[in-house]
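Per this note's numbering, the first sequence starts with residue 52, numbered consecutively. Have a look at the structure below, then the notes.
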Amino acid sequence: MNRIVDLITKELQAAFAAKAYPTDMVTASVSNRPDLCEYQCNAAMALAKKLGKKPIDIAKEVAEQLQHSELLGKAEAVLPGFINMDLDPRALRIYLQEMAKAEHYGVPKGAKRRIVLDFGGPNVAKPLHVGHLRSAVIGESIKRILRFNGDEVIGDVHLGDWGLQMGLIIEELRDRKPDLVYFQEDFTGEYPQEAPFGISELEEIYPAASAKTKYAADASPEEKERAEAFKARAMESTLKLQNGDKACRAIWRHIIAVSVGDLQKNYERLDVHFDLWKGESDAQPYIPALIEDLEKKGLAYESDGALVVDVMTPEDKMEIPPCLIRKSDGAALYATSDLATIVERQKLYHPDAMIYVTDIRQSMHFNQVFRVSKKAGLVEEGQDLVHIGFGTVNGKDGKPFKTRDGGIMRLENLMDEVCGCVYEKIRANRSIEEKEARKIADIVGLAALKYADLSNQASKDYIFDMDKFTAFEGNTGPYILYTIVRIKSILAKYEKTAARQADVEDLEPARTGSEKNLSLELARCNDVLGSAYTELAPHKICQYIYALANAFNSFYHEVNILSKEDEQEKRSYLALISLTKDVLLSCIGLLGMEAPDYM
RNA sequence: GAGUCUGUAGCUCAGCCGGAUAGAGCAUCGGCCUUCUAAGCCGAGGGUCAGGGGUUCGAAUCCCUUCAGGCUCACCA
């Protein structure tokens, strides 16, 4: 299905052609001056220079030609050479009816690609914090947007379940519980199925272990020695784990099991879902062959004892350091792991694209990894590697977001706090029983949190302001939900008394300004959803639904639908707001939000 | 130091592959609830789009430059 601007563009091009003007730069766009017109065309001004004519003359000729259009109710030339157009209300009605009946509102289907989407990226044994919120929320939204447009998406949480952190946890555990069978050298039996720790203990172990390896610049020699010794033990354990040591493996499996259980609970609450719960460890088997391959191809070479691959090309203006794939002590690194993961994904899924949603500070890393992948032929021509980097969540002071006492804000505490605020608000404003209020507060609170994150451009840092996000006025998730609830309420009330529901066939040409405005907003939904898809930009959807919600609320205040005497007129309005509700619900679905029936 | 991103109203942000008078929200001020949820609507004030130069009929938007800030820059992930 064509977008509405495409339909107008076609008419414009025909009109330009009829007057013997070139049409290649002729396009219609939504007006940036809604007080003057609904759609505009600026081509006459661009053409004028080339043809040595006055822009207004060209515009006038074309506008004249457009007078017979069935699509346009108005077409006029305005100085210096704009062509201002309004849609014919009847044409708009027909467009909306077709749009409503089309699959996905007529958003053009994508190429049906298969995509591996790497998001979430939590570390095992560490609680989720605000930083993980972004990857989860943006990733989930992108997943839904891709699927909406016809792509097959495989979402992988890609756990940080490998590396030194594992050794640290094992050694800390040894210090705490030296009697465990895992630490008995002569133990030959089967290790227990049950983990020797719970999630809260595990979450405490890692920071404690990490702290043990650090020392202040002015630390005493003994302190330094103790820290270094502990670190050395951790590295040794890590190596043992990597070499398949039974005891280390057993503990490691416990760590994963306990941790993943907790992660799943948190992601479930966020309504964020993964198809794969793979981790860095899954890529390890591919590393030896990968390194061999890179060496055989003459790409990897030794430098200062480490194995590296050059990734700079002569065209590069900036310096890109070589990609390190093996440390001088023989251990693999982050890049190695990600390269091996690409090999693995290639083998298992052979996707058309791999998309990574991570902190933007990792963009150099992905740049390097992608370059090595292409250079080494790990991916083929036409397979895309994309990094979507998101900015940092900062506090009001502009520094990374912390709790009031300076600690790391856990994601579940954040969710609790936001939902708690919503609960208070609901109880204060509405008479709803407690249980119901809790349920609604959870839906609305999460929407507030997600919308706040998604409505900012992903790549930019944003300031997390708890007061602002729980205020629920203006451009917020709750405002959008409130709008949907209002519509649901009207429709429900009507359904109780009416013989049948209103549907798109009942739609009539817009009568009033606010009604036309709402219709116009609805008509561009496929345009917006299309560009949100090509640009992988959830914030465009936020912008759109905010405008759509505004348009509805204006209409709502201008027209009291249910009090209309004329049944046909009433049905027409109901059809319009019903479509509005459907579009809003589809859009918030793409953002990973849902709406309650009342709030 | 090199590279990169950012700088738009008091605050938080849109707009950035060039178009008309630079938009929202919050905050401030003024209206609107016996009528479909006032978590709403209508209105007012508030700007050297960091500074300077250039390209263009036209620049917040493209190019150059200065300033300020963030981030990255080989054995962490």
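Built from N, CA and C at the ideal position, the CB exists for glycine as well.
Inter-residue spacing [alpha-carbon to alpha-carbon] between K3 and G528:
Nothing about residue 3 can be read from this structure; the chain reaches only from 52 to 650.
Since N577 contacts R54 with CB under 8 Å, what's their CB separation in whole angstroms?
6 Å
Where does V323 sit, in a helix, a strand or coil, going by DSSP?
coil
The segment 124-131 / the segment 97-107 touching (three or more Cβ pairs under 8 Å)
yes
If we count Cβ pairs, one from each stretch, closer than 8 Å, do we get three or more for the segment 476-496 versus the segment 405-422?
no
I'd like to confirm the pairing. Which residues does DSSP put opposite M466 in its beta bridges?
Bridge partners of M466: none, in fact.
How about the segment 308-323 and the segment 186-199: do they share at least three Cβ pairs that are nearer than 8 Å?
yes
Using the DSSP secondary-structure output, state which residues sit across from K125 in a beta bridge.
D137
Hey, G157 and P140: beta-carbon distance below 8 Å or not?
no
Would you check if the segment 400-407 and the segment 444-464 touch, i.e. whether three or more CB-CB distances between them fall below 8 Å?
no
Over what stretch of residues does the beta strand (DSSP E) that includes G206 continue unbroken?
E203 to D207
Can you tell me whether DSSP reads F441 as helix, strand or coil?
strand
What's the gap between the Cα of E115 and the Cα of M136?
12 Å
Inter-stretch contact at 8 Å, needing at least 3 Cβ pairs: the segment 196-206 / the segment 267-281
no
So who's on the other strand from C472, going by DSSP bridges?
DSSP output for C472 lists no bridge partner at all.
Would you mind reading off the limits of the beta strand (DSSP E) that contains I376?
C374 to R377
Other residues of its chain near I302: CB distance less than 7 Å, five sequence neighbours each side excluded
I221, L224 and Y233
Residue closest to L253, alpha-carbon to alpha-carbon, out of N294, L465, L210 and D313:
D313
Based on the DSSP output, what are the partners of R165 in its beta bridges?
E203
For S354, is the classification buried or exposed, using 16 other Cβ atoms within 10 angstroms of its Cβ as the cut-off for buried?
exposed
Got a sec? Which residues, its chain only, sit under 8 Å from Q118 by beta carbon, not counting five neighbours each side?
A126
Using a Cβ distance threshold of 8 Å, determine whether the segment 208-220 contacts the segment 160-180, with at least three qualifying pairs required.
yes
Using the Cβ count rule (16 or more neighbours within 10 Å means buried), how would you classify L635?
buried
Going along the chain, which unbroken runs of the alpha helix (DSSP H) with 4 or more residues stay wholly within the segment 280-320?
none
Among the candidates R412, L429 and T392, whose CA atom is the shortest distance from the CA of K348?
L429
With the cut-off set at 8 Å, would you say G440 and T392 are in Cβ contact?
no
I'd like to check one pair, E566 with L627: are the Cβ atoms closer than 8 Å?
yes
Once the 5 residues before and after A363 are set aside, which same chain residues still bring their CB inside 6 Å of it?
Correcting the residue type first, residue 363 is Met in the shown sequence and not Ala. Around M363: I371.
According to DSSP, which residues form a beta bridge with L172?
The residue asked about is misnamed: residue 172 is Gly in this sequence, not Leu. None, per the DSSP bridge assignment.
Give me the Cβ distance between L341 and L390, rounded to the nearest whole Å; I'm assuming they're in contact under 8 Å.
6 Å
Segment limits, beta strand (DSSP E) that includes Q91:
Y90 to C92
Between which two residues does the beta strand (DSSP E) holding V359 run?
A357 to V360
Thinking W213 and S388 are a contact (beta carbons under 8 Å), I'd like their distance in whole angstroms, please.
7 Å
Go ahead and label K263 buried or exposed: buried means 16 or more other beta carbons lie within 10 angstroms of its beta carbon, across all protein chains shown.
buried
Provide the residue span of the alpha helix (DSSP H) that contains V491, from first to last.
The sequence shown places Ile at residue 491, not Val. Start and end: E485 to L505.
Assuming K632 and I535 make a contact with CB atoms under 8 Å, what is their CB distance in whole Å?
6 Å
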